[in-house]
Amino acid sequence: RIHNTLSRINDLPEKDDLRQWSPKARRNLRLAGDVSLIVSQKGTDIDNGVETFTVPKLALMVASPTLRELILHEPEVLEISLEGSNFEPTAVGILCYWLTSICNWNAQALPYLPCPDDIFRALELRHAAQILCMDKYVRSFEIRYFLDIQSRVPCLLEAVAVSSYALDVGDPVLNAWASRVGHLRRTSSLHQEYLEKLDDILAMNQHQRLLEVL
Numbered sequence: 138r139i140h141n142t143l144s145r146i147n148d149l150p151e152k153d154d155l156r157q158w159s160p161k162a163r164r165n166l167r168l169a170g171d172v173s174l175i176v177s178q179k180g181t182d183i184d185n186g187v188e189t190f191t192v193p194k195l196a197l198m199v200a201s202p203t204l205r206e207l208i209l210h211e212p213e214v215l216e217i218s219l220e221g222s223n224f225e226p227t228a229v230g231i232l233c234y235w236l237t238s239i240c241n242w243n244a245q246a247l248p249y250l251p252c253p254d255d256i257f258r259a260l261e262l263r264h265a266a267q268i269l270c271m272d273k274y275v276r277s278f279e280i281r282y283f284l285d286i287q288s289r290v291p292c293l294l295e296a297v298a299v300s301s302y303a304l305d306v307g308d309p310v311l312n313a314w315a316s317r318v319g320h321l322r323r324t325s326s327l328h329q330e331y332l333e334k335l336d337d338i339l340a341m342n343q344h345q346r347l348l349e350v351l
């Protein structure tokens, strides 16, 4: 089933976009069973501080080019460790739940991956999808962020999160943040305390990309 699914990915024009697969084809992705994704719990000193999420193995193989080669190399794999990567467990859980839902969805129209209302949860989910090369499913998050930030002053914690979850200086969310904050600075719309704390963040080595795009 692993190699049959790979052939489908290679042969179809929609390739690995599960939103374009037929309901029957998506249901067939359940036939190879599930695989467990193991994610470290952040901020814990417990030795077994991990969370585990299950997802249909073939659905994960189709949706995530990052994990596809691993599954092809070891078709009988039952667990995949994501420890050591910058994943938030909640974000991985949402992706697994969504992929499972896709496999059980009988209608042709698919439920789209929901964008959390909380900006930090949205950034975490988008970042997890990007690391797994599932970018296509979260591109709408970028549009939503761009439209939302135009009408508000982003908090300082948001600057840290945007920097932490951006993969490079070309990241659309990072540049949307920079465009908005840059405009607010040029128009003297930010109070002095905000500017001082922002400068402190910009001075940190781990957040140099913020300085690069401002």
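Counting from 138, one number per residue, gives the positions in the sequence shown under the numbering used here.
Here a beta-carbon is modelled for each residue, glycine too, at the ideal position from N, C-alpha and C.
Residue pairing for Leu174: DSSP places it in a beta bridge opposite Phe190, Ile217. Linking Cys252 to Ala259 through their CA atoms gives a straight-line distance of about 6 Å. At least 8 Å separates the beta-carbon of Ala296 from that of Glu261. The C-beta distance from Tyr302 to His264 rounds to 4 Å, short enough to meet the 8 Å contact threshold. For Leu351, no alpha helix (DSSP H) run applies, since DSSP gives it neither H nor E. The stretch 246-278 contains, as complete alpha helix (DSSP H) runs of 4+ residues, the segments 256-268 (chain order). A direct Cα-to-Cα measurement between Val318 and Leu166 gives close to 44 Å. Note that the C-beta distance between Pro202 and Asp153 is below 8 Å. The straight-line gap separating the alpha-carbon atoms of Ile175 and Ala169 is approximately 19 Å.
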